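Only one structure is covered here, and it is reproduced in the block below.
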Amino acid sequence: MSKAISKIVSTAVPLDIANIDTDQIIPARFLKATSRDGFGDNLFRDWRYNSDNTKKDFVLNNPTYSGKILVAGKNFGCGSSREHAAWAIKDAGFDVVVSSFFADIFKNNALNNFLLPVTVSEDFLQQLFNAIEKDPKTIIGVDLEPQTIMANGRSEKFEINDYKKTCLLNGYDDIDFLLSIRGDIEDFEGLYATRY
Amino acid sequence: MPKTLFEKIWDRHVVKTIDGGPSVLYIDRHFIHEVTSPQAFKGLEKRNIELFRPQQIVATADHNVPTLNQHLPIKEELSRIQVQTLVENCQKHHVELYGLGHPYQGVVHVIGPELGVTQPGMTIVCGDSHTSTHGAFGAIAFGIGTSEVEMVMATQCLLQSKPKLMRINVEGQLGKGVTSKDIILYIIAQISASGATGYFVEYAGSAIRDLSMEGRMTICNMSIEMGARGGMIAPDQTAFDYIKGREFAPKGTLWDKKLAQWKQLFSDEDAKFDKEIFIDAAAIEPMITYGTNPGMGVGVTGEIPATADPKALTYMGLEGGAKIKGQKIDYVFIGSCTNSRIEDLRLVADFVKGRKKAAGVEVWVVPGSKQVEQQAIREGIDKVFAEAGFQLRQPGCSACLGMNEDKIPAGKYCISTSNRNFEGRQGPNARTLLASPLTAAAAAITGEVADIREFI
Ligand code: SF4
Numbered sequence: 001m002s003k004a005i006s007k008i009v010s011t012a013v014p015l016d017i018a019n020i021d022t023d024q025i026i027p028a029r030f031l032k033a034t035s036r037d038g039f040g041d042n043l044f045r046d047w048r049y050n051s052d053n054t055k056k057d058f059v060l061n062n063p064t065y066s067g068k069i070l071v072a073g074k075n076f077g078c079g080s081s082r083e084h085a086a087w088a089i090k091d092a093g094f095d096v097v098v099s100s101f102f103a104d105i106f107k108n109n110a111l112n113n114f115l116l117p118v119t120v121s122e123d124f125l126q127q128l129f130n131a132i133e134k135d136p137k138t139i140i141g142v143d144l145e146p147q148t149i150m151a152n153g154r155s156e157k158f159e160i161n162d163y164k165k166t167c168l169l170n171g172y173d174d175i176d177f178l179l180s181i182r183g184d185i186e187d188f189e190g191l192y193a194t195r196y
Numbered sequence: 197m198p199k200t201l202f203e204k205i206w207d208r209h210v211v212k213t214i215d216g217g218p219s220v221l222y223i224d225r226h227f228i229h230e231v232t233s234p235q236a237f238k239g240l241e242k243r244n245i246e247l248f249r250p251q252q253i254v255a256t257a258d259h260n261v262p263t264l265n266q267h268l269p270i271k272e273e274l275s276r277i278q279v280q281t282l283v284e285n286c287q288k289h290h291v292e293l294y295g296l297g298h299p300y301q302g303v304v305h306v307i308g309p310e311l312g313v314t315q316p317g318m319t320i321v322c323g324d325s326h327t328s329t330h331g332a333f334g335a336i337a338f339g340i341g342t343s344e345v346e347m348v349m350a351t352q353c354l355l356q357s358k359p360k361l362m363r364i365n366v367e368g369q370l371g372k373g374v375t376s377k378d379i380i381l382y383i384i385a386q387i388s389a390s391g392a393t394g395y396f397v398e399y400a401g402s403a404i405r406d407l408s409m410e411g412r413m414t415i416c417n418m419s420i421e422m423g424a425r426g427g428m429i430a431p432d433q434t435a436f437d438y439i440k441g442r443e444f445a446p447k448g449t450l451w452d453k454k455l456a457q458w459k460q461l462f463s464d465e466d467a468k469f470d471k472e473i474f475i476d477a478a479a480i481e482p483m484i485t486y487g488t489n490p491g492m493g494v495g496v497t498g499e500i501p502a503t504a505d506p507k508a509l510t511y512m513g514l515e516g517g518a519k520i521k522g523q524k525i526d527y528v529f530i531g532s533c534t535n536s537r538i539e540d541l542r543l544v545a546d547f548v549k550g551r552k553k554a555a556g557v558e559v560w561v562v563p564g565s566k567q568v569e570q571q572a573i574r575e576g577i578d579k580v581f582a583e584a585g586f587q588l589r590q591p592g593c594s595a596c597l598g599m600n601e602d603k604i605p606a607g608k609y610c611i612s613t614s615n616r617n618f619e620g621r622q623g624p625n626a627r628t629l630l631a632s633p634l635t636a637a638a639a640a641i642t643g644e645v646a647d648i649r650e651f652i
């Protein structure tokens, strides 16, 4: 499922709520699978559905909004380390999540699944929400090479470390890299055992 | 150059550092459980590689297990498959498993320390965010995602960027009825649920040093609830005494050698932190949360802030400006990796002895491990609970995350000793109030949020 990403140009789905935790993204009772697939159906399950009816006012159920970019409030992805949260978002068709602040573990999990977390300023985030509210067809452009996000004629640079950027652009993952240095790891173990 | 506790441990585990990127960090111990490991095993099989160091992994079944009739096959099919998959994966890949029915089975963060697997100076990871618990022993311990579980299985290493460092100093004496759980709920209420994002936290100060290992684990456990990558406490005699003699603790001359090294694990006098916070222990009341993240907490005699997030209050069915004391409670859950150790059960039993639960309140006590359960029975704690009308169940994560049958019904109020009060955490539309075991016990007796200090 690993796939390189570089440029994403799309409309966005706005979720103007702060502190969205992983229990909201994918409730624990849906974590019983033993494979990585199919979690998208239960993304934001309890916000999207009543016992069996759809909650019409929830943004993911509103056909006005669509796209590959999820724009969310501050401190997105806090809570548990469940990677299922990143799988569910990716599986639901998103390639980018934009917020002014991400929880650490979520960020790592997202990157490991080629879901790009883009951290923007509080101000820029608010403008995004305003722009999408005014026109749900607002196009957002995220370009990984120059590390920019653009919308409504305004752009901002975002941070990502060089190593991760190379991985995303080329579709490499950390395991490939770590396996390639297994010799170094064995040498380290030898030395470590004599010291500690 | 003076170093922090974190830096001392980190530096000795760095295999190499990538230019402009993270470090390759060597991992000493890896705990796994049934929920976040199956996809990692599958990933390895797909790549056609073996586990690199299976003897450094310990597995248990905890998140999804029933807490009644554990000797019977698990009724719910998906849960049964998940637990069975763990058993098969561990057999196939030669990983030590303390599964259902094993005398060492229990919540992963309870059994690691209890068995002496967790030791000072180690790097410890698990596919569970509360891995920070193990930091109480002076280890770098943190939660990881499933892709990272796979990395550690494949290479015993992770790619990690060095976090910023924060020290939280808690000085002074705790008041009557105030426990370590109240300290951490107080800290999170002060700095918010994202106040430590990007940091690794060291807890220090006289109030921390005075705590037992159980109390320290409760504090480190909840580090993640303020966004921290992990939390840790410098190991001292209290830690060494706790570890000594445990099943997997070093023995004989190896013990002496390790002990000498462990005694070097503290932050040097002039070590630099990116941020320091000072807390006065005497100012801390028994705490309780009113909202939908662990930062939304107040002292038990306090008021729900009038400015509190309306969405959270609507979900909780509470009103800003109102007193939290006196709020009616339907369920009491005493358990989870935050507060399910023998010391927690003893504390509750001491208070409950000779008292009875309030009518209409359902009380579940779920021990953190098989060993805790057996110890409670040996001490007669089971009888105290039975007389009070508390149900003592079998070990697991239980209503902490409601993955098994132990769910709080929609709209009901549960006072819980666990670590998360997120919407739906304990079941769809369940309303969770986080508190210490003592405050939970007081609620069990009175049927409402009560001030434990009025009873002791
Ligand atoms: S008890 Fe709760 S917090 Fe602890 S490991 Fe289990 S689910 Fe996670």
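Residue numbers (my numbering), protein chains in the order written: chain A, 1 to 196; chain X, 197 to 652. We put the CB at the ideal spot given by N, CA and C, even for glycine. Remember, it's a predicted structure, so these values are computed and weren't measured experimentally.
One finds P234, Q235, K238, I277, Q278 and T281 in chain X with Cβ atoms closer than 8 Å to the Cβ of T34(A), taken in chain order. Among the residues facing chain A, R363(X) is not included, as its CB has no counterpart in that chain under 8 Å away. For L588(X), same chain residues with a beta-carbon under 6 Å away, outside a window of 5 residues either side, are V561, D578 and F581 in chain order. Among the CB atoms of chain A, one or more fall inside 8 Å of the CB of Q457(X).
Relative to the ligand SF4, even the nearest heavy atom lies 7 Å or more away from the CB of H84(A). For H330(X), the CB stays at least 7 Å from every heavy atom of the ligand SF4. Its Cα nearest to that of H226(X), the residue A335(X) stands out among A335(X), L264(X), N244(X) and V279(X).
Check the Cα spacing between I25(A) and each of F158(A), I8(A) and A86(A): the tightest is with A86(A). Spanning the alpha carbons of N625(X) and A110(A) requires a straight line of approximately 27 Å. In the displayed model, E186(A) falls within a helix according to three-state DSSP. Short note on D135(A): C-beta not closer than 7 Å to any heavy atom of the ligand SF4. L128(A) sits away from D95(A), with the two beta carbons spaced by 8 Å or more.
Look at N615(X): its beta carbon is less than 7 Å from one of the heavy atoms in the ligand SF4. When only Cα atoms are considered, C593(X) and D452(X) end up about 36 Å apart. Y196(A) belongs to the set of residues whose beta carbon lies under 8 Å from a beta carbon in chain X.
Between the segment 14-31 of chain A and the segment 53-71 of chain A there are three or more inter-stretch CB-CB distances shorter than 8 Å, so the stretches are counted as touching.
It is roughly 40 Å from the alpha-carbon of N130(A) to the alpha-carbon of C416(X).
For the pair G339(X) and T327(X), the CB atoms are nearer than the 8 Å cut-off. At least one heavy atom of the ligand SF4 lies less than 7 Å from the C-beta of H305(X). Taking all protein chains shown into account, A193(A) has fewer than 16 neighbouring C-beta atoms within 10 Å of its C-beta and is therefore exposed. In the structure shown, V528(X) adopts extended strand secondary structure according to DSSP, grouped into three states. Contact check for T314(X) and G308(X): beta-carbon distance about 4 Å, within the 8 Å limit, so the pair qualifies. When DSSP states are grouped into helix, strand and coil, E398(X) belongs to the strand group.
Counting along the chain, the unbroken alpha helix (DSSP H) around I538(X) starts and ends at I538 to V548.
Positions of the alpha helix (DSSP H) runs, each at least 4 residues long and wholly inside the segment 432-505 of chain X, are given as 433-439 and 448-458 in order along the chain. Chain-order list of chain X residues neighbouring P27(A): G620, by C-beta distance under 7 Å.
Considering only G312(X), V304(X) and A255(X), the residue with the shortest C-alpha distance to C286(X) is A255(X). In this structure, the beta-carbon distance from L634(X) to N617(X) does not fall below 8 Å. Within the segment 34-56 of chain A, contact with chain X at the beta-carbon level (separation under 8 Å) is assigned to T34, S35, R36 and D46.
Taking all protein chains shown into account, M197(X) has fewer than 16 neighbouring C-beta atoms within 10 Å of its C-beta and is therefore exposed.
A straight line joining the alpha-carbon of S565(X) with that of G295(X) spans about 11 Å. DSSP, reduced to helix, strand and coil, places S328(X) within a helical segment of the structure shown. One thing to note: V291(X) has its Cβ no nearer than 8 Å to the Cβ of P234(X). Restricted to the segment 218-244 of chain X, the beta strand (DSSP E) segments that are unbroken, complete and at least 3 residues in length are 219-222 and 225-228, listed in chain order. Shown in chain order are the members of the segment 168-182 of chain A whose Cβ falls below 8 Å from a Cβ of chain X: D173, D174, I175, F177, L178, L179, I181 and R182. Under the three-state reduction of DSSP output, Y609(X) falls in the strand class.
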